[in-house]
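Protein sequence lines, in the order shown, are assigned to chains A, B and C. Each residue of the first sequence is one higher than the one before, counting from 1 in my numbering. Each residue of the second sequence is one higher than the one before, counting from 347 in my numbering. Each residue of the third sequence is one higher than the one before, counting from 693 in my numbering. Using N, Cα and C, we set each Cβ at its ideal position, and we do this for glycine too. Some notes on the structure that comes next.
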Amino acid sequence: MASYRLDELAQRVGGVVRGNPQRLLSGVATLEDAGADDLSFLTNRRYRAAALHSAAGALLVARGTDLAGRDLLEVEEPYPALARILELYHPPAPPRPGVSPDASVAEDVRLGEGATIEPFAVVAPGCELGAGVVVGAGAVVGAGCRIGDGSELRPGVVLYPGTEVGSRCLLHSGVVLGADGYGFATSKGRHIKIRQVGKVVVEDEVEIGANSCVDRAMLGETRIGEGSKIDDLVMVAHGVRLGPHALLAAQAGIAGSSRIGRHATLAGQAGVAGHLKLGDEVIVAAKSAVFADIEGHSFVAGIPAVDHRRWKRSQSIVQKLPKLREELRRLAAQIAELERRLEEEE
Amino acid sequence: MASYRLDELAQRVGGVVRGNPQRLLSGVATLEDAGADDLSFLTNRRYRAAALHSAAGALLVARGTDLAGRDLLEVEEPYPALARILELYHPPAPPRPGVSPDASVAEDVRLGEGATIEPFAVVAPGCELGAGVVVGAGAVVGAGCRIGDGSELRPGVVLYPGTEVGSRCLLHSGVVLGADGYGFATSKGRHIKIRQVGKVVVEDEVEIGANSCVDRAMLGETRIGEGSKIDDLVMVAHGVRLGPHALLAAQAGIAGSSRIGRHATLAGQAGVAGHLKLGDEVIVAAKSAVFADIEGHSFVAGIPAVDHRRWKRSQSIVQKLPKLREELRRLAAQIAELERRLEEEE
Amino acid sequence: MASYRLDELAQRVGGVVRGNPQRLLSGVATLEDAGADDLSFLTNRRYRAAALHSAAGALLVARGTDLAGRDLLEVEEPYPALARILELYHPPAPPRPGVSPDASVAEDVRLGEGATIEPFAVVAPGCELGAGVVVGAGAVVGAGCRIGDGSELRPGVVLYPGTEVGSRCLLHSGVVLGADGYGFATSKGRHIKIRQVGKVVVEDEVEIGANSCVDRAMLGETRIGEGSKIDDLVMVAHGVRLGPHALLAAQAGIAGSSRIGRHATLAGQAGVAGHLKLGDEVIVAAKSAVFADIEGHSFVAGIPAVDHRRWKRSQSIVQKLPKLREELRRLAAQIAELERRLEEEE
């Protein structure tokens, strides 16, 4: 791995050095694991004590962070700067483009320059794959799919026929896009399948985590907006419109036809019921369930989800309900006593 | 795509035309996307305003729906009618039967007429596959599995050895049937694996969504009843008996050995603990957790799940707990005041 | 299948026979399914009535269990004994070692003796696989992975490059180890990917259920401790340290960088937020969410999770809130009446 001086790193990320600009750093490591040759970082205040005691050679910090005596690289936004520095130390592996002789690629598939198809991958007829696209081992791209430049499907991804994926997307192993939406018409106790003839459209620069699912729409589209980032084991049901720039943490789920605005965040294991509208920049707390429309810029929590401060207040009282009930009983006793005394008086 | 006149459609679904029976319709679309050549539909009252303003050429509606001035196709049950009309406009792709030269099929496998084995699929020894069965690309059918006529395994499905799947089933990508149940005997701090020597039996006309799991029983069977429909990322643990005609929405889970009656419904992210009995037609609300047996025909909600009206009432008061506590404090103050006055009197 | 006399079984598991030691048993079955030739077992008190009425030839029970008139095999710990007896009746299938001609194994891969690589599996350059390792059909082992002796990857497992798996592990179909952690730095409304350059380390004797995910660390490791057992559809995020000997039931999730002590248990659908510490032997109840550090030996429940007895008490009062509110109103009315009467007096 290449080494960089602290001032070189500062130049790359638009930062300022406090301490020794000549400090040579050969890698990036956590506060705990870092040695004298490593850059570490403080992006979360709760780790300040760990930062003070870290053996790291230097620390990437937010402007104004007080860590006296340490060699510091100060930047406006440490987290994006860390992203750039990690790219520097760990550049992506050089592509090994080409179609594996062990892959099954239909004759009419249009492959962009530098595309890679790994062993046992299948690309069905009518597909169009952009420049530099990578289809991982064992991945299956159904008939008539389109994948934009630079997008990568890790091993085992499945795209159902007609799925559209934008440019510079990253789909992790086990992702399934375009499976049938969960649509059944129940008549006389039997569930009749409603053919799901819509599709899934994933816009540019979307990342989807391992084993997550986005179902095809009954009609029209299920759409994942540009720049949205989806974690592992997430469910996006048929007809949902998400984002752009949404964040869905692990095991979150959105039921059919709901529309989630720009820059929305669902924390882990959160759920949104079907046919709802969530405005821009809505945040849903972990493990919460949204059962009604939510206005933009709200932060909601609970089951059902309400304003998170209200939820916090209610929950703190729920914890004290045994005391509240005791208090109620005491008051009842006091009242009975008052009544008795008053009767004596009368 | 074929076009149909409104009266032709009415004949197919046993409906009645209100308006122009000659209206020619070339497709089906959502209220939002439909144009003058499209049939749209109103199956959910909350979209009535959208129906009034839709550009659709005609609308499929429930008998007696008031949408004056529109060409209507009235039926008793719009949702099943929609299912039939979608089949009409979007007939399933004609099968391309045959065994891919890139598949690995054991010599003794019995393949029904018109079966399809796609590239890189594996069918292990001793399997019996019915007529018209489709094993998608990269799917793996373990030794001694049986799959009934007309069932389809989408790419990447895995059946562990000995799994039985009925007829006309549809298993979506990433489904795993028959993985070991989660059974360990803990002794002196170590978890000893209990061999799971039972199997999974999926009856006829079951659909299972992407990346869902049904584990094999320790002994005997895990059984998915006829006509049950399971959404994506659902967990059915070892020894569960489900259905028939159950509905499990996305990310729901049922722990080991529980028995769920006919026509039961688990909404999204609901959970049922192990060794429980849920009666027929039980509905468990989204995000709820069932920790006790539930009688048939109940609709339960909450954690732990109770009658949903009780849950709703309790939850609405939880929201008002801060007010309740204030009220309690006010009463305490009033009582103190009363006591003071009474003492003065005495 | 082999048959064993009850006294033979007793010898194998260090138990004592009550009743007929000559009783010949040809298999193991559930209380419900067992016939006169079967051994059944009672490991859960709620099935005592079923045990009394079971047609089983004999029953494996805990020492001192009162089931008069039945042939019993008494042991200290029935569940581990059952594990051993199931091994006896259902010995694992003999291995069919060798590399399938349909697999893709890089030239430099070091394969231990008796390793099995099934069709359409991929083992990338630089991997080291121990003796008796099984890589199931369609599984993908990325570059530079290490897998210890006797570990098995069921069909469709994916290990990202650099993943380390110990000895005697069992990874079920659809498991994804080492996918990128969910790390993004948000700047000016865009989510910038932070390269995840750490890895996943799975220690010895770990079992991971179908479609579960363990993400690679941003830096350093995500580590699954020795002997831990993970159920299906579980999420372990980047940088987590788990176990040893932890139990994670289905659909549980642990967010980034949290550390979970020895012998911890997360029940089904439980969640743990990021950057937390859970001590040894902590138990988190089903459907609960941990939002704060938890001391060792705690049993917590609820959202947010608190001591489970406190949770139970609070929840039982939540159910009675409508009554509590009525009571409050009644007290208010009584107080008003008292005030009126007192005023009359004054």
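With respect to residue 490 (chain B), residue 506 (chain B) sits apart: the two C-beta atoms are not nearer than 8 Å. Residue 500 (chain B) places its beta carbon 8 Å or farther from that of residue 475 (chain B). C-alpha of residue 352 (chain B) to C-alpha of residue 219 (chain A): approximately 19 Å in a straight line.
For the pair residue 829 (chain C) and residue 811 (chain C), the CB atoms are nearer than the 8 Å cut-off. For the stretch 977 to 1003 of chain C, the residues whose beta carbon sits under 8 Å from a beta carbon of chain A are, in order, 981, 983, 995, 996, 998, 1002.
Per the coordinates, the alpha-carbon of residue 842 (chain C) lies some 11 Å from the alpha-carbon of residue 827 (chain C). The closest CA to that of residue 291 (chain A), considering only A:253, A:91, A:86, A:242, is found on A:253. Between residue 590 (chain B) and residue 256 (chain A), the alpha-carbon positions lie close to 24 Å from each other.
Distances from the alpha-carbon of residue 349 (chain B) to those of B:409, B:385, B:517 put B:385 closest. Cβ-Cβ distances below 8 Å link residue 918 (chain C) to 858, 895, 896, 897, 898, 935, 936, 937 in the same chain, with the five nearest sequence neighbours on each side left out; the list follows chain order. Chain C has no Cβ within less than 8 Å of the Cβ of residue 518 (chain B). Residues are counted here when their Cβ sits less than 8 Å from a Cβ of chain A; for the stretch 1023 to 1034 of chain C these are 1023, 1026, 1027, 1030, 1033, 1034, given in chain order.
If the five residues before and after residue 280 (chain A) are omitted, its C-beta is found closer than 8 Å to the C-beta atoms of 261, 262, 263, 264, 296, 297, all from its own chain and listed in chain order.
Chain order gives no chain A residues near residue 712 (chain C), where near means a beta carbon separation below 8 Å; the closest approach is about 49 Å. The continuous alpha helix (DSSP H) containing residue 308 (chain A) extends over residues 308 to 319. Unbroken beta strand (DSSP E) stretches of 3 residues or longer found wholly inside the stretch 728 to 800 of chain C: 730 to 733, 750 to 754, 764 to 767, given in chain order. At least one beta carbon of chain B lies nearer than 8 Å to the beta carbon of residue 191 (chain A).
Nearest to residue 508 (chain B) by alpha-carbon distance, out of B:498, B:546, B:485, B:536, is B:546. Under the three-state reduction of DSSP, residue 287 (chain A) is assigned to coil, being neither helix nor strand. Within the same chain, 223, 259 come within 6 Å of residue 241 (chain A) by CB-CB distance, once the 5 residues on both sides are set aside.
Of all C-beta pairs linking the stretch 677 to 691 of chain B to the stretch 744 to 753 of chain C, fewer than three are shorter than 8 Å, placing the two stretches out of contact. Only exposed fits residue 92 (chain A), as fewer than 16 other CB atoms lie within 10 angstroms of its CB. Not one beta carbon of chain A lies nearer than 8 Å to the beta carbon of residue 399 (chain B). Minimum Cα-Cα distance from residue 62 (chain A) among the listed residues A:308, A:270, A:17 corresponds to A:17. Residue 113 (chain A) is classed as exposed because its beta carbon has fewer than 16 other beta carbons within 10 Å across all chains shown. Here residue 319 (chain A) is near residue 998 (chain C), since their CB atoms are less than 8 Å apart. DSSP places residue 223 (chain A) in the uninterrupted beta strand (DSSP E) bounded by 221 to 224. Excluding its 5 nearest sequence neighbours in each direction, residue 905 (chain C) has C-beta neighbours in its own chain below 6 Å: 868, 927, listed in chain order.
Judged by DSSP secondary structure, residue 215 (chain A) falls within the beta strand (DSSP E) whose first and last residues are 213 to 215. The Cβ atoms of residue 965 (chain C) and residue 980 (chain C) do not sit closer than 8 Å to each other. Under DSSP, the beta-bridge partners assigned to residue 260 (chain A) are A:242, A:278. Under the Cβ criterion of 8 Å, residue 42 (chain A) is not counted among the residues facing chain C. In this structure, DSSP gives residue 13 (chain A) a helical state, which the three-state scheme calls helix. The secondary-structure analysis by DSSP pairs residue 645 (chain B) across a beta bridge with B:629. For residue 523 (chain B), the enclosing beta strand (DSSP E) starts and ends at 522 to 525.
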